[in-house]
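Read through the structure below, which is laid out as structure tokens, and then see the notes.
Written as structure tokens, this is what we have:
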């Protein structure tokens, strides 16, 4: 699984406070910890008010890239903000994100066409909101992929996020999500399918338990990228264990190595 | 999932020591703890030398049934021992087990025919050893089910255990096991499919991590009975989380109740 570290995001209260206080040490620690835990990309999202976003985003990118050479997943609800701050990214990267909403595709797809070093996150949501059933998710993905293909952008530069809905609100959320993974891989064999895993557990107790078992099920259905907290042992444990169980880790070598490095398994008391 | 509590088994060193020392308090504690954690059956296996087995088994049954009214999964490698000790069981129960090995079927199937209150565990192993591929497992199951059906024993009295092999020895153990679950349910819709889950992790570190994610995958493929340690929070957490994720727990009520009862989720430090 491709791990996109989710922790440098102003939507997380502690990170928001650090951004507000311009707490460099805290942000640096998040970047280093996620890289050490095995992140492949670092998501960077300021999550501040629009008039303060560019300054906050540039500040974050400066600090993160000072301590990590991981490619950046450049994350903003405003596609213009993404375009405006791309110059501050040393190692592209995933533009996060397009969807069928507003002008996102019109703004970002031409940029992707010109910059083959960038990939893109494509969310299965439109102006009418998020899609619930696998069929609705695929319909949105189809519209996005038609535009992607029309511009000659290769499938393997696209991460489709079918959108994980809270199980507490939508009882068949996991079932529909997993059906969507399989349908997406069937329709576009080259694309990655990504999930913001922890969304499954909004409003449910023991969130890490539910998140980690959802990750196992989603991986089994073909998920190959996760926007997750790689420092969460339940999550990263699910990843290594599931890969080993699914025959994707010969002789469980990666699992055993992760255990020896102290990344998975029970914590000594 | 039907939970068969595995802890009262002389194959477990601490339980063996308690049996040897006739430590009533220890055995009582195992029975009560497993029932409180949600066990549906208690497996009872003496695991001692043949000449001491009957006495040990009767001693165990006496203590266990003194504190618990759960039905007993009467477990011995010797089918005659099972027949000889059935009279000591107040609440049948599963005879554990038949297989294609030796005289097990010849001894136990007539007993099952006469005693409709008992169910039976049927292992996918024969004189040639355990079966590795799903096709081998099904071939053994077919032979057993032919005999079961010939005696008019109903499918829902049979728990087929396709046999979980250690992932450290057989790299596709989980994949073949899960294929077997689906094939068994396809062939005999009324039977239960059971797994001794922790066998997956022999020789692998962080066993509880691997066991619990294996349980999630197996449940998703249709496993409906587990010979497990119900006091293990990783295992029981997987059961509740997976049921909720698979839409088998409306409004996550059982999951939420298990959390409130303190059965799942992080332990307060």
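Chains as they are written, first to last, in the working numbering: chain R, 811 to 1079; chain C, 811 to 1079.
Glycine residues also receive a C-beta, built at the ideal position from the N, C-alpha and C atoms.
- About 27 angstroms separates the CB atoms of residue 861 of chain C and residue 814 of chain C; that is not less than 8 angstroms, and the two are not in contact.
- Scanning its chain for C-beta atoms nearer than 6 angstroms, with the 5 sequence neighbours on each side dropped, one finds around residue 889 of chain C the residues 914, 917 and 918, in chain order.
- For the pair residue 1066 of chain R and residue 826 of chain C, the Cα-to-Cα distance works out to about 30 angstroms.
- The beta carbon of residue 1044 of chain R lies closer than 8 angstroms to those of 1018, 1019, 1021 and 1022 in the same chain, with the five residues before and after it left out.
- For the stretch 965-991 of chain C, the residues whose beta carbon sits under 7 angstroms from a beta carbon of chain R are, in order, 977, 978, 981, 982, 984 and 985.
- Proximity of residue 1020 of chain C to chain R, defined by a Cβ-Cβ separation below 8 angstroms, is satisfied.
- Residue 845 of chain C: member of the alpha helix (DSSP H) spanning 834-846, first to last residue.
- Contact between residue 973 of chain C and residue 922 of chain C does not hold, since the beta-carbon distance rounds to 20 angstroms and is not under 8 angstroms.
- The closest CA to that of residue 1057 of chain C, considering only R/823, R/986 and R/928, is found on R/986.
- At a cut-off of 8 angstroms between beta carbons, residue 1008 of chain R makes no contact with chain C.
- In the DSSP annotation of this structure, the continuous segment of the beta strand (DSSP E) that includes residue 882 of chain R starts and ends at 882-885.
- For residue 924 of chain C, the closest alpha carbon among the candidates C/1028, C/891, C/896 and C/837 is that of C/896.
- If you look at residue 812 of chain R, you'll find it in the beta strand (DSSP E) that goes 812-819.
- Rounded to the nearest whole angstrom, the C-alpha separation of residue 965 of chain R and residue 905 of chain R is 15 angstroms.
- By the Cβ rule, the stretch 943-960 of chain C counts as touching the stretch 987-1005 of chain C, because three or more pairs are nearer than 8 angstroms.
- With a cutoff of 8 angstroms on beta-carbon distance, residue 976 of chain R and residue 1010 of chain R are scored as near each other.
- Look at residue 903 of chain C: its C-beta is not under 8 angstroms from any C-beta on chain R.
- Cα atoms of residue 873 of chain R and residue 818 of chain R: separation of roughly 11 angstroms, rounded to the nearest angstrom.
- Taking the Cα of residue 942 of chain R as reference, the smallest distance to any Cα among R/920, R/959, R/969 and R/984 is reached at R/984.
- Burial check for residue 937 of chain C: the Cβ neighbour count within 10 Å stays below 16, so the residue is exposed.
- Looking from the CA of residue 1052 of chain R, the closest CA among C/1054, C/1025, C/894 and C/1072 belongs to C/1025.
- Within the same chain, and ignoring the five residues on either side of residue 1035 of chain C in sequence, the residues whose Cβ sits closer than 6 angstroms to its Cβ are 812, 969, 1002 and 1004.
- Residues of chain R with a Cβ closer than 8 angstroms to the Cβ of residue 1036 of chain C do not exist, since the nearest Cβ in that chain sits about 15 angstroms away.
- For residue 995 of chain R, the closest alpha carbon among the candidates R/871, R/867 and R/944 is that of R/944.
- Taking every protein chain shown into account, the CB of residue 956 of chain C has fewer than 16 other CB atoms within 10 angstroms, so this residue is exposed.
- Shown here, residue 991 of chain R sits in a helix according to DSSP, grouped into three states.
- Straight through space, the alpha carbons of residue 980 of chain R and residue 1012 of chain R are spaced by roughly 11 angstroms.
- Residues of the stretch 1052-1064 of chain R whose Cβ lies closer than 8 angstroms to any Cβ of chain C, in chain order: 1052, 1054, 1055, 1056, 1057, 1060, 1061 and 1062.
- Selection R/1015, R/1074, R/1006 and R/1033 evaluated against residue 1000 of chain R yields R/1033 as nearest (Cα-Cα).
- Sixteen is the threshold: when 16 or more other Cβ atoms of the shown chains lie within 10 Å of the Cβ of residue 946 of chain R, as they do, the residue is buried.
- The three-state secondary structure of residue 902 of chain C, taken from DSSP, is strand.
- Residue range 929-936 is occupied by the beta strand (DSSP E) that includes residue 935 of chain C.
- Neighbourhood of residue 942 of chain C in chain R, by CB distance below 8 angstroms: empty, with the nearest CB roughly 13 angstroms away.
- In chain order, 1023, 1026 and 1027 make up the part of chain R whose C-beta sits under 8 angstroms from the C-beta of residue 1026 of chain C.
- Beta-bridge partners assigned by DSSP to residue 853 of chain R: R/883.
- Per DSSP, the unbroken alpha helix (DSSP H) holding residue 1054 of chain C starts and ends at 1043-1055.
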